[in-house]
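Residues 1207 to 1247 (my numbering) make up the sequence shown, in order.
A virtual CB, placed ideally from N, CA and C, is assigned to each residue, including glycine.
Note that this is a predicted model, so its numbers are computed, not measured.
Remarks on the structure that follows.
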Amino acid sequence: MELTTLKEMVLDHRLLHEQEWNAFIKQLHHLIKSLPPVQYV
């Protein structure tokens, strides 16, 4: 396996993971906003 191919795979994986993480953060943020106001301890 060529080194460049391996590097591209790692970069693609990291980008995908970042997109998934961003989507998760958005969902979490939406969930928190939809909850009734609570006091965060």
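By how many angstroms is the C-alpha of Val1216 removed from the C-alpha of Ser1240?
As a working mapping, residue 1240 is identified with position 34 in the sequence shown. As a working mapping, residue 1216 is identified with position 10 in the sequence shown. Distance between the alpha carbons of Ser1240 and Val1216 is about 36 Å.
Tell me the rounded alpha-carbon separation between Gln1233 and Leu1222.
As a working mapping, residue 1233 is identified with position 27 in the sequence shown. As a working mapping, residue 1222 is identified with position 16 in the sequence shown. Straight-line Cα distance between these residues: approximately 17 Å.
Quick check: what's the CA-CA separation for Trp1227 versus Arg1220?
If you number the sequence shown from 1, residue 1227 lands on position 21. If you number the sequence shown from 1, residue 1220 lands on position 14. Approximately 10 Å between the Cα atoms of the pair.
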